[in-house]
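Using the working numbering, read the sequence shown as starting at 12 and increasing by one per residue.
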Amino acid sequence: MSGSSATLMTEGSIGKRIVTFAFPLFLGNLFQQLYNTADSLIVGNFIGNAALAAVSSSGSLIFLMVGFFNGIAIGAGVVIARHFGARDIERLRLSIHTTAAFGIACGLFLTIVGIFAAPQILVLMGTPAEVLPNSITYFRIYFSGSLAFVMYNFFVGILQSVGDSRHPLIYLVISSVINILLDLILIGGFHFDVGAAALATVISQFVSAFLCFRQLMKSPEEFRLDLRKIKCDKEILRQILANGLPAGFQNSIISIANVFVQANINQFGQMAVAGCGAYSKIQGFVFLPITCFSMALTTFISQNLGAKQYDRARRGAVFGILCTITTAELIGLLIYFSAPWLIAAFNSTPEVIAFGTAQARTETFFFFLLAFSHCMAGILRGAGKSSVPMIIMLIFWCVVRISYIAAVIRIIPEIKIIFWAYPLTWTLSSVVFLIYYRKSDWIHGLEHT
């Protein structure tokens, strides 16, 4: 594998393997979060409250649409990592080309649904009337680039599953710089509206998808992408869907709940939407260590269970969990104390700052629970048990969260009731994950898949 960035995680120091794999993911996610935040910063400062609210109100809905297919990409990565760890080259190649073929179909489907369903869904969410036209514009332009978003995630899933987290980092840095420059030129220079922010994101995503595609085309032969071989193998597709559909549904479940939460925040007006939207961009930085370690754990567990190194998988799981919850909580404390200044960077309106700060100071102490739940989901996906986190998050992050808000907001019509939905459901899911982790035989999951 000379000249390749692929990494076998079945040998060497556990901590070093996980951290060196996770660190490029962290940097990549940091740049992705920076260019997502740049959209809101530039829109909020150059166009105003209504435009910031429009971008913010679209966020939950975008993750609902894209998150499902990202889950499928995670499932594909589990299958690829398993065959890579077992050194089954024939199935490894079949998995990669089936993933590419299915990704193309998913991207085209999402483009059609996203463009045509935007107005109806945004209206159902109760998006404020003064925000709706801009929200529809942003949403439709964003989803015109669905093929790029989906294929980027599928390509990154392939690269990460063979242990290559370095190239996705490089491509994210490039696309982040392109996105920010386009934002500044189109919005700051030419004074275009929110549609320009969406267009900048689409263009930058096409660039990163193309770079990933080019890297796969010139990778070592054992996991090189060959255009002539892109087609679906039924058995491999079944494995991908068996692992990916639960992860996709899990993302969608969380998104459905968040769309419901957003609809309730919308009832408190434009300032609440802008303030909570600004906080959501800040909260995104907490997801950086959570996402990178949970993804690293999925790859680590998949490769080691594929190689039947069960004790190594168990020790890696404990190491990853401890790193993630510690880092997430430290970032949470930093946000708690600096929230007013961070929110003000997006918009200096006192009401906007008040809403954003209130949400930050309700949730930040509980980020270690959010981190633990996501780590457990990553571990169980790597073990071929994707349905377990899906069920747990369906119950607590969707049913309980929605039921709590629907019932309590009628009795106490205050926005803080909505904010408390997150710590409550993070706590409940973490307790159940901990019980499952200690009681079940999850470590042998791949023997039966």
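Each residue gets a CB set at the ideal place from its N, CA and C atoms; glycine is no exception. This structure is a prediction, so every number in the text was calculated from the model and none was measured.
Spatially closest choice to residue i from the options, by CA coordinates
i, options, result
"Leu478", "Leu72, Ile191, Leu299", "Past the edges of the chain, shown from 12 to 460, lies residue 478, and the structure says nothing about it."
"Thr31", "Pro144, Gln171, Leu72, Met401", "Gln171"
"Ile196", "Phe34, Ala49, Phe377, Ile413", "Ala49"
"Ala61", "Gln261, Asn275, Leu143, Arg392", "Leu143"
"Ala65", "Asn40, Arg102, Gly137, Gly200", "Gly137"
"Glu246", "Gln294, Gln216, Arg102", "Arg102"
"Ile241", "Gly82, Thr110, Leu435, Gly200", "Thr110"
"Phe296", "Ile115, Phe37, Ala112", "Phe37"
"Ser349", "Arg449, Gln294, Cys223", "Gln294"
"Ala285", "Gly55, Phe42, Pro35", "Gly55"
"Glu362", "Gly343, Ile346, Ala289, Ile332", "Ala289"
"Ala253", "Gly393, Leu435, Val124, Ile446", "Gly393"
"Gln281", "Thr212, Ser146, Ile191, Ile413", "Ser146"
"Leu52", "Ile354, Ile426, Phe377", "Ile354"
"Val205", "Arg449, Ile73, Leu222, Phe150", "Phe150"
"Ala129", "Ser155, Leu222, Ile115", "Ser155"
"Ser106", "Ile115, Val419, Asp244", "Asp244"
Rounded straight-line distance, which links the Cα of residue j to that of residue i
i, j, result
"Ala140", "Phe203", "21 Å"
"Ala208", "Ser451", "47 Å"
"Thr460", "Trp408", "Caution applies to Thr460, whose pLDDT of 39 falls short of 50 and renders its modelled position unreliable; the model cannot decide the point."
"Cys386", "Ser305", "5 Å"
"Glu198", "Leu308", "The question names Glu, yet the displayed sequence has Ile at residue 198. Going by the C-alpha atoms only, they are around 39 Å apart."
"Arg239", "Cys303", "33 Å"
"Arg104", "Glu233", "7 Å"
"Phe444", "Met404", "10 Å"
"His178", "Phe217", "16 Å"
"Ile214", "Leu193", "9 Å"
"Gln278", "Ile423", "14 Å"
"Ile428", "Ile416", "7 Å"
"Val184", "Gly39", "7 Å"
"Gly259", "Ile85", "8 Å"
"Tyr163", "Ala274", "30 Å"
"Trp437", "Ala371", "15 Å"
"Ala112", "Phe166", "11 Å"
"Leu180", "Phe224", "14 Å"
"Gln320", "Ile312", "9 Å"
"Ile189", "Thr148", "21 Å"
"Leu345", "Pro257", "34 Å"
"Leu248", "Trp352", "48 Å"
Own chain, CB closer than 7 Å to residue i, minus 5 neighbours either side, in chain order
i, result
"Glu458", "Residue confidence is low: Glu458 scores 44 on pLDDT, short of 50, so the model does not pin down where it sits. Its coordinate-derived value is still stated next. Hits under 7 Å: none found."
"Met12", "Reliability of the predicted coordinates at Met12 is poor, the pLDDT of 41 falling under 50, and the value obtained from them is presented with this limitation in mind. Excluding positions up to five away in sequence, the list reads Pro231."
"Thr338", "Pro300"
"Phe330", "Ile25, Gly26, Ile29"
"Ala283", "Ile276, Phe366, Ile426"
Contacting residues, own chain, Cβ-Cβ under 6 Å from residue i (five flanking each side not counted)
i, result
"Met228", "Leu236"
"Gln314", "Met20, Thr21, Ala92, Gly96"
"Cys117", "Phe80, Val161"
"Arg28", "Met20"
"Tyr433", "Glu374"
"Phe271", "Ile413"
"Gln250", "Val90"
"Gln226", "His178"
Boundaries (first-last residue) of the alpha helix (DSSP H) holding residue i
i, result
"His108", "100-135"
"Arg239", "Where Arg239 is concerned, there is no enclosing alpha helix (DSSP H), given that its DSSP letter is neither H nor E."
"Gly286", "281-294"
"Leu405", "Careful: Leu405 lies outside any alpha helix (DSSP H) and carries neither H nor E."
"Leu445", "432-450"
"Phe330", "321-355"
"Ile264", "245-277"
"Asp194", "177-194"
"Phe311", "298-317"
"Leu197", "Run containing Leu197: none; DSSP gives neither H nor E here."
"Ser164", "Per the sequence shown, the amino acid found at residue 164 is Asn instead of Ser. Its alpha helix (DSSP H) spans residues 157-172."
"Asn461", "For the chain, the structure presents residues 12 to 460; residue 461 sits outside this window and is missing."
"Gly206", "205-228"
"Pro144", "143-154"
"Met20", "Counting along the chain, Met20 falls outside any alpha helix (DSSP H), and DSSP gives it neither H nor E."
"Ile390", "378-393"
"Ala417", "412-422"
Supposed close pair residue i, residue j - CB separation, criterion 8 Å
i, j, result
"Leu381", "Val411", "Between Val411 and Leu381 the Cβ distance is about 15 Å, and since that is not below 8 Å, they are no contact."
"Leu121", "Ser266", "With 8 Å as the limit, Leu121 and Ser266 do not qualify as a contact, their Cβ atoms being about 13 Å apart."
"Phe88", "Thr310", "Reading off the sequence shown, one finds Gly at residue 88, where the question assumed Phe. That pair is a contact at about 7 Å."
"Leu63", "Phe357", "7 Å"
"Ser219", "Tyr182", "4 Å"
"Leu45", "Ser187", "6 Å"
"Ile152", "Leu222", "No, Ile152 and Leu222 are not in contact; Cβ-Cβ is about 22 Å, not under 8 Å."
Sequence-distant residues of the same chain with beta carbon closer than 8 Å to residue i, five excluded per side
i, result
"Thr335", "Pro300, Ile301, Phe304, Ser305, Ala382, Phe383, His385, Cys386"
"Gln261", "Gly82, Ala388, Ser397, Pro400, Met401, Met404, Leu405"
"Gly14", "Here Gly14 scores only 42 on pLDDT, less than 50, and its place in the model should not be relied on; the value that follows carries that caveat. For Gly14, where only same-chain residues beyond five positions count, the Cβ hits under 8 Å are Pro231."
"Tyr347", "Ala371, Arg372, Thr375, Phe376"
"Ile264", "Met401, Met404, Leu405, Trp408, Cys409"
"Ser359", "none"
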